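K.L.:
What follows is a single structure, and I will ask about it in a moment.
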Amino acid sequence: MSGEPGPQAIRKLAPGKLVIASHNKGKLREIAALLAPYGVEPVSAGELDIPEPEETGTTFIANAELKARFSADLSGLPALADDSGLCVEALGGDPGIFSARWAGPDKDFGEAMRLVEQKIEAVGEDVGRDAHFICALSLAWPDGHIESFEGRVDGVMVWPPRGEHGFGYDPVFQPYGHQVTFGEMDPAKKHAMSHRADAFAKLVAAVF
Numbered sequence: 002m003s004g005e006p007g008p009q010a011i012r013k014l015a016p017g018k019l020v021i022a023s024h025n026k027g028k029l030r031e032i033a034a035l036l037a038p039y040g041v042e043p044v045s046a047g048e049l050d051i052p053e054p055e056e057t058g059t060t061f062i063a064n065a066e067l068k069a070r071f072s073a074d075l076s077g078l079p080a081l082a083d084d085s086g087l088c089v090e091a092l093g094g095d096p097g098i099f100s101a102r103w104a105g106p107d108k109d110f111g112e113a114m115r116l117v118e119q120k121i122e123a124v125g126e127d128v129g130r131d132a133h134f135i136c137a138l139s140l141a142w143p144d145g146h147i148e149s150f151e152g153r154v155d156g157v158m159v160w161p162p163r164g165e166h167g168f169g170y171d172p173v174f175q176p177y178g179h180q181v182t183f184g185e186m187d188p189a190k191k192h193a194m195s196h197r198a199d200a201f202a203k204l205v206a207a208v209f
């Protein structure tokens, strides 16, 4: 109907410093690599002594937005946060938003991968091993404006873990159409097709 407001225009990100609201070195490496062509100077929350907030959201986007707002508020700079995780169909979507927490306080992803495999075996192989990674990216400005994007990549769970690349659950996730896990895949190839790359492509199209 005429007279109704249209959708709010997406805000563009100006070149300059951008806080990456993460203390995860693997995520920081991947996000910095994805940002490299865009004239942005990434600085991690850890470098600015910004702590990690408690993730109280019930979705990937809710947690990404919470982390992005927290870092933008404390730094006075735009902040980009990622919330991502592994969703295993046989486990009803677990570990999902709790993917990092399954690794425990010591961030032991070897233990987390064993736990996922034990739970899949307990359910029974006949349910299948399909899984997907989700990545939510939220970009927040100090005035409270926020833009969020979500990406996904589908594949299957493998055991035992394979490969030394990547981080987290990468060694037990084999994307559809490939014979190698994310842990075995050349990092540049993973960057081009991962859940994070999918979300990042949407963010780039919108804000750069």
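Going by our numbering, the first residue of the sequence shown is number 2, and it counts up by one from there. We treat Cβ as the ideally placed atom computed from N, Cα and C, and that holds for glycine. Being a predicted model, the structure only gives us computed values, none of them experimental.
Between which two residues does the alpha helix (DSSP H) carrying His192 extend?
P.N.:
Run containing His192: Pro188 to Met194, per the alpha helix (DSSP H) assignment.
K.L.:
Would Asp83 be called buried (16 or more neighbouring beta carbons within 10 Å of its own) or exposed?
P.N.:
That one is buried.
K.L.:
Using the Cβ count rule (16 or more neighbours within 10 Å means buried), how would you classify Gln119?
P.N.:
So Gln119 ends up on the exposed side.
K.L.:
Under the three-state reduction of DSSP, which class applies to Ala18: helix, strand or coil?
P.N.:
The sequence shown places Lys at residue 18, rather than the Ala named in the question. Looking at Lys18 - three-state DSSP - the assignment turns out to be strand.
K.L.:
Could you compute how far the alpha carbon of Lys18 sits from the alpha carbon of Leu81?
P.N.:
Approximately 11 angstroms, taken between the alpha carbons.
K.L.:
By the 10 Å Cβ neighbour count, where 16 or more other Cβ atoms means buried, how is Gly125 classified, buried or exposed?
P.N.:
Burial call: exposed.
K.L.:
Would you call the CB atoms of Gln175 and Gly156 closer than 8 angstroms?
P.N.:
Closer than 8 angstroms, so yes.
K.L.:
Using a Cβ distance threshold of 8 angstroms, determine whether the segment 28-43 contacts the segment 57-69, with at least three qualifying pairs required.
P.N.:
Cβ pair count under 8 angstroms is below three, so no.
K.L.:
Quickly, what does DSSP pair Gln180 with across the bridge? List them, please.
P.N.:
Partner(s): none; Gln180 has no beta bridge.
K.L.:
To which residues does DSSP link Ile135 through a beta bridge?
P.N.:
The partner list for Ile135 (beta bridge, DSSP) reads Gly86 and Arg153.
K.L.:
Could you tell me whether the segment 45-53 touches the segment 156-173, where touching means 3 or more Cβ pairs closer than 8 angstroms?
P.N.:
Taking 8 angstroms as the limit for Cβ pairs, the verdict is that the segment 156-173 does not touch the segment 45-53.
K.L.:
Near Pro6, which residues of its chain fall below 7 angstroms by C-beta distance, leaving aside the five closest residues on each side in sequence?
P.N.:
Any reading at Pro6 needs caution, since the residue's pLDDT is 41, under 50, leaving its predicted position unreliable; the model's value is listed next. Counting only Cβ-Cβ distances below 7 angstroms, and skipping sequence neighbours, we find nothing.
K.L.:
I'd like the list of long-range same chain contacts for Gly164, defined as Cβ closer than 8 angstroms, with 5 residues on each side in sequence excluded.
P.N.:
Closer than 8 angstroms at the Cβ level, and outside the excluded window around Gly164, lie Asp171, Pro172, Val181, Thr182, Phe183, Gly184, Glu185 and Met186.
K.L.:
Flag this pair as yes or no: are the beta carbons of Met158 and Ile121 separated by less than 8 angstroms?
P.N.:
Yes.
K.L.:
DSSP state of Ser3, grouped into three classes?
P.N.:
Confidence is the limiting factor: at Ser3 the pLDDT is only 41, short of 50, which leaves the residue's position unreliable, though a coordinate-based value still follows. DSSP places Ser3 in coil when its eight states are reduced to three.
K.L.:
Using 10 angstroms around the beta-carbon of Asp199, count the other beta-carbons present and answer buried if the total reaches 16, otherwise exposed.
P.N.:
It is buried - the Cβ of Asp199 has at least 16 other Cβ atoms within 10 Å.
K.L.:
I'd like to know whether the C-beta atoms of Leu35 and His192 end up nearer to each other than 8 angstroms.
P.N.:
It is a contact, given that the beta carbons lie within the stated cut-off.
K.L.:
Please report the straight-line C-alpha distance between Ser3 and Ala10, rounded to a whole angstrom.
P.N.:
Because Ser3 carries a pLDDT of 41, less than 50, the predicted location of this residue cannot be relied on, and the following value inherits that uncertainty. Roughly 18 angstroms between the two C-alpha positions.
K.L.:
Are Leu204 and Phe168 close, meaning C-beta to C-beta below 8 angstroms?
P.N.:
No, the pair does not count as a contact, with Cβ atoms beyond the cut-off.
K.L.:
Would you call Val128 buried or exposed, if buried means 16 or more other Cβ atoms sit within 10 Å of its Cβ?
P.N.:
Val128 should be labelled exposed.
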